[in-house]
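So the sequence shown is numbered by my numbering: it starts at 333 and just counts up by one.
Heads up, the thing below is written out as structure tokens.
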Amino acid sequence: MNKKKHKNTTRATPSIEEELNKLFSPEWLRKIAKETGLIKRERKIDPVLMF
């Protein structure tokens, strides 16, 4: 049986969190959170961290 060995690459694959952060800016998330009623006043919970 002929098994091929794969080269061990060290290319970092972006995480889902990193990709989402690229798509949605913190400013946009906070604005939408206020507009949709997710937050009525800013306290300890940041909608960006929840996302």
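Note that the Cβ used here is the ideal one computed from N, Cα and C, for glycine as well.
Short of 6 Å in beta carbon distance, which residues of its chain neighbour residue i, apart from the five on each side in sequence? Order them along the chain.
{"i": "T345", "result": "none"}
{"i": "A365", "result": "I371, P379"}
{"i": "K354", "result": "none"}
Just to confirm my understanding: we take residue i, look at its own chain, exclude 5 residues before and 5 after, and list those with CB closer than 8 Å. What are they?
{"i": "F383", "result": "L352, F356, L361"}
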